[in-house]
Amino acid sequence: MVMKQGGLRMDPIKVAILGYGVIGRRLADAVNAQDDMIVVGVAGRSASTTLRDAELRAYKIYITDSPKPEDASQRLCNVKGDFGDLLKKCDVLLDCTPKGVPKEYLDIYNRHEKLVTIVQGGEKHSFGGVSFNSFASYPKAKGKKKVRVISCSSTGTTRFLYTMKENFGVEDAFVALIRRGSDPIKSPKGPFNCMRPVMGQSHHVPDVNTVMEVPGFSMAVQVPTSFSHVLSFQVDLKREVTRDEVISALEKMPRVIVGEGMHSTAELGEYYLDMGRPRRDRPEIFVWKESIKVVGKTVYASINVHMESITIPETIDCIRSTSDLEESNWKSIYKTDKALGMDKSEDCYKR
Amino acid sequence: MKVIVVGYGLSGKRVVDAVNLQEDMELVGVVEFNSFARKMAEKKGCKLFSNLGEAEADIVVNCTLNKINSDKPVINVHSGSDKVPEPNNIAIKRIIDTLDKLGKVKRVFATVLSRGAHATDHNQGPIDAIQQIFGKDPEEEELKNLLPGVDVFTKRVIVSTSRSNTQIVKLDFENLIDKSKAVAALQSNNRITVASAKDGFPDTAHVVEFYRDLGRTRFDMPEVFIWEETLSTQSNSLQMVLCIYPDATSIPETIDAIRTSSGNKLPDSIAKTNESLGINGDETRGIKNGPY
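Order-wise, the sequence lines are chains A and B.
This note's numbering applies: residue 53 is where the first sequence begins, and numbers increase by one.
This note's numbering applies: residue 2 is where the second sequence begins, and numbers increase by one.
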C-alpha cells in the first residue's frame with residue numbers, strides 16, 4: 053500500500069513493459085526499485101530471447117503474437133498469457149518497442165480506456181500530443197493517457213539548458229551532437245567506419261521545445277562508436293557569468309554529474325563499470341569540467357549522454373505524473389533518484 | 002625553384018607528386034630514413050638523400066613531425082614556424098575568406114571531429130570511443146592567429162574512425178547572410194565543393210568512394226566538402242557540416258607557400274596550383290575536369 057499525497061491510500065501502480073530491449077529491461081528494474089509501483093509483466097514477441105532474460109529476473113512473461121514450438125518463449129519460458137491478458141492487469145504500459153512500432157498497437161491501447169501508455173523518444177510528439185521531461189514539463193502529463201518521454205540526447209540537452217535557463221537565462225543555444233553509431237548490442241545500423249551527418253537541423257532542439265521554451269539550434273553527426281554521445285554546447289546567456297557560477301549551478305542540479313579526469317567516452321564507461329553501477333549505466337549527464345569555458349555571456353561545455361539509461365528516471369517520474377501519484381516534480385525526482393541510488397543531497401531537490 | 006622534400010610519409014609523398022606537377026618547380030629529391038618509405042620513393046623515381054647538406058635546393062619542405070635545421074628557407078607542414086596551417090583550420094579559413102564579400106565573421110564555433118588515425122597507423126586509436134582534448138589546443142591557437150579580431154572557439158574530439166574529419170561549424174556574422182548567396186560564393190571557390198546529400202553523399206564513406214571512382218591519385222580530395230542540406234542560416238549565423246580528407250587538404254596551400262616564398266603573389270599562385278592539381282570545379286555536379 054502506498055500513501056498518495058492527500059492521504060488517499062492506494063495500491064502500487066501496476067506497470068507492464070512491452071519490449072524487453074535496451075530500454076525495457078532497464079525500466080523493469082527501475083520500476084521494481086520504487087516502492088509505489090510494481091512490474092506485473094513483460095511482453096514481447098514469442099521468438100524473442102529477451103523474454104528468457106526477463107524471466108531470469110523473475111518477471112512474468114506474456115507474448116504478443118502466435119507462438120511456434122521452436123520459439124524462445126516456448127522453449128525457455130513459462131508464458132503466462134498473451135498481450136491482451138497483460139493489458140487487462142496493468143494501469144500503465146511502458147511501450148519500449150523500436151521506433152514506429154507503438155503506432156501499430158494504438159488500436160489495442162485505445163480499447164483500454166483507463167490505460168496509460170508511455171513511449172520513448174523514437175516516437176513523435178504527435179503520438180499523444182504530450183512530451184515529457186521531469187524538470188521542465190512534469191505537470192503537463194497529469195491525467196494524460198498517451199505520453200512520450202523525449203529521446204536520450206534531447207533529455208540530456210534539456211537538463212543542461214534547463215540548468216542554464218533557471219540560473220542565468222538563455223538568449224540562444226547551439227548544440228553540436230557527436231552521436232554513437234549503434235548501441236553495443238545492436239548490429240551496426242549506424243556507420244561502421246565513416247561519419248554520417250543529419251542533413252539539416254537535427255530533431256534535438258525541436259524536441260526540447262516540446263517540453264521547454266528555449267531558443268536554439270542543433271546539428272548532429274553519427275560516428276562509429278558504441279559507448280555514448282558527446283554534446284558540444286555554445287550557450288549565450290542573458291547575463292555575464294563566472295566559470296565558478298556555472299560549475300556551481302551544474303553541481304547543484306540533480307541528474308547532472310560534473311567530473312574530471314576522464315579522457316574519453318570509453319574511459320567514462322569503464323569508470324562506471326568499476327563503480328558497480330548495474331550494466332555500467334549512468335543516467336545522469338556527465339559534464340566534463342575541463343571543457344567548461346566562459347567568454348563574457350557565453351558558456352561552452354561538452355557533456356556526455358549515456359543513451360541506454362538516461363531516460364529511465366524520467367520515465368519513472370512520468371508514471372507518477374500520469375497516475376497523479378505525486379504533485380511535485382521535484383518530490384518525484386528525489387524519490388526516483390533515491391530508489392535508483394543516484395540521488396544528490398536533499399537540498400538540491402528543494403526547488 | 003629547386004625543392005627538396007624531407008619525409009616521404011602521408012604528406013611527403015603527396016607534396017612530391019604535387020611539386021612534380023608544377024612547371025616552375027623542380028624536385029631535387031627526398032630525404033627519408035625509413036627503409037619502406039625509401040623503397041617507395043625510389044619506385045616513384047625520386048632521388049634519395051641521407052641529409053640536406055647533400056642536395057642543392059632553393060627551398061626545403063619539411064613533411065616530418067620533427068624540427069629540422071637548414072640554412073635554406075624551410076616550409077613546415079606539421080610543426081614549427083612558417084607552418085602550413087592544419088587541415089581543419091585550412092577548411093575554416095577557406096570558407097571565411099570566400100564569404101568575406103558577403104560579410105564579416107565576428108565569431109566562430111567549430112566542433113571538430115578528428116579521425117582517430119590513418120588506417121595504416123596501428124599504434125593509434127581509439128578503437129571505440131570519442132576522446133576529449135582538454136587544455137590549450139595548439140590547433141585552436143593556430144586558428145585564432147589565422148583569424149585576428151574574430152572570437153574563435155573550437156571543441157575538438159578524436160573519433161574512432163579512419164580517413165576523414167568532419168566539422169560542425171557555426172559562423173556568426175555582423176549582418177544577415179543569404180543562404181543562396183553563400184552557396185554560390187562557396188561554389189565559386191574551386192577548393193570548396195558544396196554538394197547535396199541526396200545526390201549520393203549520405204556520409205563521409207560515400208564522399209570517399211566518389212573520389213575513388215573519379216580516378217584521382219590516391220583518390221585524394223583536397224577540396225573542403227560541404228553538405229548543402231546542412232547549410233542554413235539563423236539570423237546572423239550560418240551553420241554547416243563539412244568534411245575533409247586531412248592528408249590531402251593542405252597540399253594546395255603547401256604548393257602556394259613554396260611559390261610565394263620566392264616572391265610570387267598568392268592569387269596567381271592559387272590559380273596556378275589549382276590548374277596543375279586538377280582542382281578545376283565541382284565534379285559532383287557532373288562536370289568532369291582535370292587531367293585523367
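Positions of the beta carbon are idealized from the N, C-alpha and C atoms, including for glycine.
Given the structure is predicted, the values throughout are model-derived calculations rather than measurements.
Interface criterion not met: the Cβ of B/A118 is under 8 Å from no Cβ in chain A. Counting only runs that start and end inside the segment 218-270 of chain B, the alpha helix (DSSP H) elements of at least 4 residues fall at 247-250, 252-261.
In this structure, the CA atom of A/C148 is about 28 Å from the CA atom of A/D326.
Contact check for A/M305 and B/I169: beta-carbon distance about 26 Å, past the 8 Å limit, so the pair fails to qualify.
A contact between stretches requires three or more CB pairs, one per stretch, nearer than 8 Å, and the segment 242-250 of chain A meets this requirement with the segment 275-294 of chain A.
In this structure, the beta-carbon distance from A/R163 to A/F187 does not fall below 8 Å. The beta-carbon separation of A/A99 and A/V91, rounded to 22 Å, does not stay under the 8 Å limit for a contact. Taking a 10 Å sphere around the C-beta of B/I227, we find 16 or more other C-beta atoms and assign the residue as buried.
Residue pairing for B/A111: DSSP places it in a beta bridge opposite B/T155, B/V170.
In the displayed model, A/M271 falls within a strand according to three-state DSSP. Residues of the segment 136-149 of chain B with a Cβ closer than 8 Å to any Cβ of chain A, in chain order: G136. Using a Cβ distance threshold of 8 Å, B/V31 and B/Y9 count as a contacting pair. Per the DSSP secondary-structure output, A/W382 pairs with nothing in a beta bridge. The alpha-carbon separation between A/V308 and A/E336 amounts to approximately 5 Å. Per DSSP, reduced to three states, the secondary structure at A/A68 is strand.
Going by C-alpha positions, A/F220 is about 16 Å away from A/G268. Shown here for A/V266: same chain residues with a beta carbon closer than 7 Å to its own, the five before and five after excluded, namely L213, K217, V222, A225, V260 in chain order.
For B/L278, the three-state secondary structure derived from DSSP is helix. A/E223 is outside the set of residues whose beta carbon lies under 8 Å from a beta carbon in chain B. Look at the segment 273-287 of chain A: the residues with a C-beta under 7 Å from a C-beta of chain B are V273, V275, P276, T277, S278, F279, V282, S284, Q286. At least one beta carbon of chain B lies nearer than 8 Å to the beta carbon of A/V347.
Counting along the chain, A/S284 sits inside the beta strand (DSSP E) bounded by residues 281-289. Of the residues B/D179, B/L232, B/L11, B/Q235, the one whose Cα lies closest to the Cα of B/T121 is B/L11. Contact with chain B is absent for A/A99, since none of that chain's Cβ atoms lies less than 8 Å from the residue's Cβ. Neighbourhood of A/E342 in chain B, by CB distance below 9 Å: Q133, F135, G136, in chain order.
Using a 10 angstroms sphere on the CB of B/H119, the tally of other CB atoms stays under 16, which defines it as exposed. B/N166 is not a Cβ neighbour of B/S238, given a cutoff of 8 Å.
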